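Note that the protein sequences, when read in sequence, are chains A and B.
When the count follows the numbering used here, it moves up by one through the first sequence with no breaks and lands on 137 for the last residue.
When the count follows the numbering used here, it moves up by one through the second sequence with no breaks and lands on 137 for the last residue.
Protein chains: 2
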Amino acid sequence: MSAKRIVSMCPIEELLVLIGGRWKPVILWWLMSTEKPFRFKILRQSMPRISQKVLTQQLRELERDGLVKREMFPEMPVRVEYSLTAFGRKLRPVLEELDSWAREYLL
Amino acid sequence: MSAKRIVSMCPIEELLVLIGGRWKPVILWWLMSTEKPFRFKILRQSMPRISQKVLTQQLRELERDGLVKREMFPEMPVRVEYSLTAFGRKLRPVLEELDSWAREYLL
DNA sequence: CAGTATCCGAATGGATACTG
DNA sequence: CAGTATCCATTCGGATACTG
Chain A
31 MSAKRIVSMC PIEELLVLIG GRWKPVILWW LMSTEKPFRF KILRQSMPRI
81 SQKVLTQQLR ELERDGLVKR EMFPEMPVRV EYSLTAFGRK LRPVLEELDS
131 WAREYLL
Chain B
31 MSAKRIVSMC PIEELLVLIG GRWKPVILWW LMSTEKPFRF KILRQSMPRI
81 SQKVLTQQLR ELERDGLVKR EMFPEMPVRV EYSLTAFGRK LRPVLEELDS
131 WAREYLL
């Protein structure tokens with residue numbers, strides 16, 4: 031009667047809100063692959079199969095959810111760099127597990 | 031000139047083809063939670079937020095990709111049971127990592 | 001019980017053009 | 001350079017009704 035409504039008993043559901051996007055694990059994987067931030071163009075070249083529009087969208091969502099930091103340098107021409115936030119870096123073990131599983135069973 | 035075309039350097043991309051569906055990790059998580067197969071109805075009740083159509087679709091894809099086994103018993107009324115294949119069970123470490131991460135950071 | 005069929009709106013994807 | 005804007009086609013997802 032008074033209990034909180036149970037939406038789901040599966041913890042993964044909440045996580046999928048953050049990284050469930052079609053390209054988000056891939057984007058995070060690239061950002062995690064090095065300490066250095068990625069310029070937008072480099073990120074784009076790293077993922078030839080994602081369109082510019084979708085890449086921008088997914089980055090905006092990752093930024094909104096606190097996983098990715100976007101930094102803009104008002105030079106000429108403009109430079110924008112993407113990197114993981116401290117919270118985003120906490121995903122490392124998750125992405126590493128995905129990575130090593132894929133290497134073992136899918137390559 | 032003669033090299034194979036490089037589609038992506040990110041191994042995770044291939045894995046997302048298998049489990050990238052909106053509900054697939056959740057379905058697999060439930061199927062992994064016990065040794066016993068799930069009847070369709072129980073699976074459906076476990077995930078109140080997924081529609082029957084989508085649940086069926088995702089199960090078909092998981093079946094097609096060799097992760098889930100579907101067994102039909104022509105009784106009256108019909109009984110259908112879903113369980114993981116041997117290959118599907120290999121995903122356990124991946125799902126456990128997702129699960130424990132979600133419990134630590136999202137609950 | 002475990003679906004399929006249908007309809008429909010939303011989200012996604014891709015190409016192209018334009019901008020600060 | 002790093003986007004935004006627009007158009008358009010395809011796919012996805014949810015609700016409802018029907019079936020062996």
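Glycine residues also receive a C-beta, built at the ideal position from the N, C-alpha and C atoms.
Quick caveat: nothing in here was measured; it's all calculated off a predicted structure.
Beta-carbon proximity check, residue i vs residue j, cutoff 9 Å
i, j, result
"V124 of chain B", "E127 of chain A", "yes"
"W131 of chain B", "L45 of chain A", "yes"
"Y180 of chain A", "R122 of chain A", "Nothing in the structure corresponds to residue 180 of chain A, since chain A is present only between 31 and 137."
Within chain B, partners of residue i - CB distance below 7 Å
i, result
"K99 of chain A", "Here the premise fails: no neighbours, minimum Cβ distance about 18 Å."
Buried/exposed call for residue i, threshold 16 Cβ in 10 Å
i, result
"S32 of chain A", "Legend: pLDDT at S32 of chain A = 38, less than 50; position of this residue unreliable, value from coordinates given subsequently. Exposed: under 16 other Cβ atoms inside 10 Å."
"I42 of chain B", "buried"
"I72 of chain A", "exposed"
"S76 of chain A", "buried"
"V37 of chain B", "Low confidence applies here, because V37 of chain B scores a pLDDT of 49, under 50, leaving its location unreliable and the question unanswered by this model."
Listed by chain order, chain B residues near residue i by CB distance under 8 Å
i, result
"E44 of chain A", "A132, L136 and L137"
Within chain A, the residues that residue i reaches when beta carbons sit closer than 9 Å
i, result
"G50 of chain B", "G50, R52 and P55"
Closer than 9 Å at the beta carbon, the chain B residues around residue i
i, result
"P41 of chain A", "W59, L128, D129, S130, W131, A132, R133, L136 and L137"
(request) Would you be able to state if there are at least three C-beta pairs under 8 Å between the stretch 50-58 of chain A and the stretch 81-92 of chain A? (result) yes
(request) Spell out a yes or no on whether the stretch 68-80 of chain A and the stretch 58-67 of chain B are touching, meaning 3 or more CB-CB pairs, one atom from each, closer than 8 Å. (result) no
(request) Select from the stretch 111-129 of chain B all residues with a C-beta closer than 9 Å to any C-beta belonging to chain A, and list them in chain order. (result) F117, K120, L121, P123, V124, L125, E126, E127, L128 and D129
(message) Is it the case that the stretch 116-123 of chain A contacts the stretch 95-103 of chain A, given that we only count it when at least three CB pairs across the two stretches are under 8 Å?
(response) yes
(request) Please name the residues in the stretch 62-90 of chain B whose beta-carbon is closer than 8 Å to at least one beta-carbon of chain A, in chain order. (result) S76, M77, P78 and R79
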